[in-house]
Structures are given as C-alpha cells and as structure tokens.
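**Q**
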Amino acid sequence: MIALALPAATNESEGFVPPTIDDLHLPEILPWGAHYGEGFGKQMLLVLLSVALISWFLVAASRRRQMVPGKFQFLGEFSYNFVRNSVGKDLIGEKDFRPYVPVLVSLFFFILVNNLFGSIPLLQLPTTSHVGTSYALAGIVYILWIVLGIRTHGIGYFKVAVVPSGVPKAFLLPVVLIEIVSNFVVRPLTHSLRLFATMLAGHMIIALAASGSAFLLTQTSGIVPALGVLTMAGGVGMYLFEIFIQVLQAYVFVLLTAVYIQGSISEAH
Amino acid sequence: MNDAVLYAASEASNPLVPNVWEILVTTLGFAVLLFIVTKYVVPAFEKTYEERAQAIEGGIAKAEAAQAEANAALDEYKKQLTDARAEANRIREEARAEGAQILADLKEKAASESARITEQAHVQIQAERNAAITSLRTEVGTLATELASKIVGESLNDDARAGRVVDRFLADLETQQSAGASK
Numbered sequence: 001m002i003a004l005a006l007p008a009a010t011n012e013s014e015g016f017v018p019p020t021i022d023d024l025h026l027p028e029i030l031p032w033g034a035h036y037g038e039g040f041g042k043q044m045l046l047v048l049l050s051v052a053l054i055s056w057f058l059v060a061a062s063r064r065r066q067m068v069p070g071k072f073q074f075l076g077e078f079s080y081n082f083v084r085n086s087v088g089k090d091l092i093g094e095k096d097f098r099p100y101v102p103v104l105v106s107l108f109f110f111i112l113v114n115n116l117f118g119s120i121p122l123l124q125l126p127t128t129s130h131v132g133t134s135y136a137l138a139g140i141v142y143i144l145w146i147v148l149g150i151r152t153h154g155i156g157y158f159k160v161a162v163v164p165s166g167v168p169k170a171f172l173l174p175v176v177l178i179e180i181v182s183n184f185v186v187r188p189l190t191h192s193l194r195l196f197a198t199m200l201a202g203h204m205i206i207a208l209a210a211s212g213s214a215f216l217l218t219q220t221s222g223i224v225p226a227l228g229v230l231t232m233a234g235g236v237g238m239y240l241f242e243i244f245i246q247v248l249q250a251y252v253f254v255l256l257t258a259v260y261i262q263g264s265i266s267e268a269h
Numbered sequence: 270m271n272d273a274v275l276y277a278a279s280e281a282s283n284p285l286v287p288n289v290w291e292i293l294v295t296t297l298g299f300a301v302l303l304f305i306v307t308k309y310v311v312p313a314f315e316k317t318y319e320e321r322a323q324a325i326e327g328g329i330a331k332a333e334a335a336q337a338e339a340n341a342a343l344d345e346y347k348k349q350l351t352d353a354r355a356e357a358n359r360i361r362e363e364a365r366a367e368g369a370q371i372l373a374d375l376k377e378k379a380a381s382e383s384a385r386i387t388e389q390a391h392v393q394i395q396a397e398r399n400a401a402i403t404s405l406r407t408e409v410g411t412l413a414t415e416l417a418s419k420i421v422g423e424s425l426n427d428d429a430r431a432g433r434v435v436d437r438f439l440a441d442l443e444t445q446q447s448a449g450a451s452k
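Respectively, the protein sequence lines represent chains A and B.
Under this note's numbering, the residues of the first sequence are numbered 1 to 269, in order.
Under this note's numbering, the residues of the second sequence are numbered 270 to 452, in order.
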C-alpha cells in the first residue's frame, strides 16, 4: 500500500499500473501488430512449437530402441513409463489401459510443455492460460469419455452415468439432477478451468512481482527501492513454485482424464 | 481501488471467453501430436519393452537350460561313478570266487593225486608181497625138502614128489590156520 501510495503522493507519474489480463493477450503476429483475436498470435505459434518439440523428442527417444537405454532414451522412457504405468495402468486397470496410452501420453506432454512455456525466458507465456486451449483439451476429453461410455453401455450409458444404484426413490430426483449437473456440466468446466486458472493466476503473480519490482527499483526513492528487492525475491520464489505447479497441473489433468475414461468403460457406476 | 482495476480489466476482455482460433489451433495441434504418438511413439516404446522383456526372459530360459544341462551331466557322472564302483566290486568278487575255485581245484587235485599215489603204493606193496609169498613158498619148500632129505636120508630130489609134499604141507598149514581163526 505504501509502495502504491508513494508514487501518487510524489505525483511523479500516474503511479503504478498493475498488469492486467490483456497483458497476456499480445498483438498478433499475422497480420503483424493486429489486435488480439484478429489473426495468428504468439499463443498459437507456441502451441505449434510445442507439438513440434514433443513430436521430435518422443520420436527421437523412442526410435533408438536400445536394450540398454542411453540418457536421452532413458528420459523419454521414464516420462512415457510414468504416464503409462502410474496414470494409465494404475487408474484404468491392467486389462483395459493399453488403447488409452497414446491419448494420455499426448495430453501429458502437450500440457506439460505448454505450461512450462510460461517459465521459459523469452517464450514466457503458458499457452494454457489462454482459456481457448484449456477448453479445447477438456472438450476433447469430454467428448472422448462420453463416446467411450456410449460404446460400452449403449445409449443407456446416460442412465448409468446419472442414476446411482441404491438410492431411495424419494431422493432419486434431486440426486439425478445433481449427478447430471456434476458429471455433464461441472466436470468439463472444472477440468478446463482448473488448468486455465492456475496457469493464468501463476503467470499474473509473476508478472505483478516483476512489474512491481521494476517500478519500486526504478521509479521510487529513499528506502523504498529496498522493498523492490523483497518483491523480486518473492517473485523468484513464485517463479520456482510456478514450475512445480505447471508440472503438477499437467499431471492432475491427465490423472482426471484417466479417471473419467475409467468411469466410462467400467461396468457399474 | 482494486474494483476499478478489475472492472477495467474485465471490460477490456473477459478471460473466460475463448479465442476461437486458439481452440482451433490447439485442437489441430493436439490431433497432430496424438497421431504421431499413436502411430510412431507408442508402438516403438512398447516394442522396446517387449524386446527387453523377451531378452530378459530368454536369458533366464537360457540360464535354466544350462543349469538343467549341468544337472544332467552331474547325474550322468554320478551314475557312471556308481556303475564303475559296482563294476569294480563285481570284478573283485569274481576274482575272489575264481581264486577260491582255483584253490579248491588244486586241493582236490592234490587229494586225488595223493590218493592215487597211496593206491599205487598199496598195489605195489600187494604185488611185492605176493611175489615174496611166491618166492618164499618156493624157497621154504626147497629148504624143507633139503632138510628133510638130509634127516630122512631118502632122496627127495625128485621135483614132482617134493612139490606134492610141500603142497600137502602147506595145505595142512592153511587148514590149521583157518581152523584156528574160526575157533
């Protein structure tokens, strides 16, 4: 508050202006400098870059097929194995998990790399903090588990999904309503918004710490710049924490995907 | 103060409203990635695992085969050793039996030989005795006849007569002898 009040009191400038959501929405690349939303932008470029990077990494790591893997192959096998066994096999079950390994692996690497873009200097934009990407990924998973449910149970899947067994008739109506809302409305929303919101919030905090530090160190006088050192230290701490969150959210997203798939292909509700 | 900032921000752009192009790019990008992962990455990794598992299992099978072979060789060796021991025992037994047989044969031969020699000796003795008896009979006759002729003065030089006298004498002697024996 002091930091914010001081510049106003000195009347040096118009004061500290915190970064807004729009600071994530940079002008477009094609056409150059156009307003956000009117063309091909940095976010889309990063998405395509991530696809190229992940494809290159996975294909290169899997192509060597050494019996005793080198470091590079080991890194690929380790991360692939992590998704395949810790997420796919453990949650979907040893019998059925194999067909879903590709989608789980693709999702995990896609989200991981796109999240980590937020912590890579110069790129510095978690593409999942743009809600379109999160909607698209959660939407793909939403369609996937509904299709799988219908394939397993036929059209009666919707009854299986919303009518729990063993509920007294008196409570059936509210329970079914809650289940419909929770499964078919809230589930995809939370699935996408959890990813989007954590990435956006983390990025905003770092942006705020960075711009605040810059302001305090350059635009103030006296002992106030010392506070800028504190905000900068906090910003670095948040940067490291954010890397952890970026990895964690990729894991959580894939974990929930596996849970949804398992729920659709399992027999009972 | 913050309300104004937030209001301004939300007026500028609602973060929950997606950019449709971003949805499209993400979906297409993800589809491409999914295709590559499905087509190339997962089969390659799975094949590597399979080959590795097979290599490990093959190694174990090979080790088991070698172990079985070693066990078979050991069994064979033990069996041969047992056979050889049995063979040695058998040969030793045979030798012992053979030795005993030879010893028995020799003993028997020696016994029969000694019996034969004894028999021969008996026969010879008998023959010599007979010869002695015959000789004696002649000698005694001659001597007695000469003695008697000297005493009687009658010539008993006639061989035929002398023979008859001697025979009669001897017959009397034998009769007396057998009578004495029967008494």
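Beta carbons: idealized from backbone N, C-alpha and C, even for Gly.
Here the structure is a predicted model, which means the values were calculated and not measured.
Quick check on the burial criterion: 16 or more other C-beta atoms within 10 angstroms. Buried or exposed for Y346 (chain B)?
**A** Looking at its Cβ environment, which holds fewer than 16 other Cβ atoms inside 10 Å, Y346 (chain B) is exposed.
**Q** Please confirm if T231 (chain A) has its CB atom under 8 Å from at least one CB of chain B.
**A** Output row for T231 (chain A): interface = no.
**Q** Scan the stretch 95-117 of chain A for residues whose Cβ lies nearer than 7 Å to a Cβ of chain B and list them as they occur along the chain.
**A** Within the stretch 95-117 of chain A, the residues whose Cβ lies closer than 7 Å to some Cβ of chain B are V101, P102, V103, V105, S106, F110, listed in chain order.
**Q** Taking a cut of 7 Å between CB atoms, which residues from the stretch 332-346 of chain B lie near chain A?
**A** Answer set for the stretch 332-346 of chain B: empty.
**Q** Alpha carbon to alpha carbon, what distance is there between L412 (chain B) and E397 (chain B)?
**A** C-alpha separation (whole angstroms): 21 Å.
**Q** So what does DSSP say about L30 (chain A), is it helix, strand or coil?
**A** Correct three-state label for L30 (chain A): strand.
**Q** Under 7 Å Cβ-Cβ, which residues of chain B neighbour A201 (chain A)?
**A** None at all; the shortest Cβ gap to chain B is about 10 Å.
**Q** Here's the rule: buried if 16 or more other CB atoms are within 10 angstroms of the residue's CB, otherwise exposed. What is V409 (chain B)?
**A** When all chains shown are included, V409 (chain B) counts as exposed.
**Q** Have a look at A:G93, A:T128, A:H153 and flag the residue whose alpha-carbon is nearest the alpha-carbon of A197 (chain A).
**A** Of the listed residues, the one whose Cα sits closest to A197 (chain A) is A:T128.
**Q** Beta carbon of M232 (chain A): closer than 7 Å to some heavy atom of the ligand GDP?
**A** As for the ligand GDP, it is missing from this structure, which has no ligand bound.
**Q** Leaving aside the five residues before and after L26 (chain A) along the sequence, list all residues of the same chain whose C-beta is less than 6 Å from its C-beta, in chain order.
**A** Closer than 6 Å at Cβ, skipping near neighbours: K42.
**Q** Which residues in chain B sit within 9 Å of E77 (chain A), going by Cβ to Cβ distance?
**A** What E77 (chain A) touches in chain B: F314, T317, Y318.
**Q** Just tell me which of B:Y309, B:Q445, B:S418 has its CA closest to the CA of V434 (chain B).
**A** The candidate whose alpha carbon is nearest that of V434 (chain B) is B:S418.
**Q** Does the distance from the CB of I265 (chain A) to the CB of D90 (chain A) come in under 8 Å?
**A** Cβ atoms of I265 (chain A) and D90 (chain A): not closer than 8 Å.
**Q** Taking 8 Å as the CB-CB cut-off, is I265 (chain A) touching chain B?
**A** No, I265 (chain A) does not count as interfacial toward chain B.
**Q** The alpha helix (DSSP H) spanning Y309 (chain B) covers which residue range?
**A** No alpha helix (DSSP H) contains Y309 (chain B), which DSSP labels as neither H nor E.
**Q** Just by C-beta distance, which residues in the stretch 52-68 of chain A are closer than 7 Å to chain B?
**A** For the stretch 52-68 of chain A, which is checked against every Cβ of chain B, the residues closer than 7 Å are I54, S55, L58, V59, S62, R63, R65, M67.
**Q** Can you tell me the Cα-Cα spacing of I402 (chain B) and F438 (chain B), whole angstroms?
**A** Between I402 (chain B) and F438 (chain B), the C-alpha separation is close to 15 Å.
**Q** Please list the terminal residues of the continuous alpha helix (DSSP H) segment that includes M204 (chain A).
**A** Segment 187-219, the alpha helix (DSSP H) holding M204 (chain A).
**Q** Beta-carbon within less than 8 Å of G277 (chain A)'s beta-carbon, same chain only, minus the 5 sequence neighbours each way: which residues are those?
**A** Chain A is shown from 1 up to 269; residue 277 (chain A) falls before or after that span and cannot be answered.
**Q** Report the CB separation of M204 (chain A) from G118 (chain A) in whole angstroms; it is logged as a contact under 8 Å.
**A** About 11 Å; that fails the 8 Å criterion.
**Q** Using 8 Å for Cβ pairs, my map puts L53 (chain A) next to V113 (chain A). What's the rounded Cβ distance?
**A** Yes, L53 (chain A) and V113 (chain A) are in contact; Cβ-Cβ is about 6 Å, under 8 Å.
**Q** Using DSSP with H/G/I as helix, E/B as strand and the rest coil, what is G263 (chain A)?
**A** Helix at G263 (chain A).
**Q** Which chain B residues are close to L148 (chain A), counting only those with a beta carbon under 7 Å from its beta carbon?
**A** Simply none; closest approach about 15 Å.
**Q** So what's P18 (chain A) in DSSP terms, helix, strand or just coil?
**A** DSSP places P18 (chain A) in coil when its eight states are reduced to three.
**Q** Over what stretch of residues does the alpha helix (DSSP H) that includes T133 (chain A) continue unbroken?
**A** From DSSP, the alpha helix (DSSP H) with T133 (chain A) extends over 131-153.
**Q** Would a check of beta-carbon distances place A138 (chain A) closer than 8 Å to chain B?
**A** Not one chain B Cβ lies under 8 Å of A138 (chain A).
**Q** Rounded to whole angstroms, what's the CA-CA distance from P7 (chain A) to V229 (chain A)? Just pull it up for me.
**A** Interpretation of P7 (chain A) is limited by its pLDDT of 40, a score under 50 that renders its predicted location unreliable; the figure taken from the coordinates is listed afterwards. Taking the straight line joining both Cα atoms gives about 17 Å.
**Q** Roughly how many whole angstroms lie between the Cα atoms of A337 (chain B) and L49 (chain A)?
**A** If you take the alpha carbons of A337 (chain B) and L49 (chain A), they lie about 57 Å apart.
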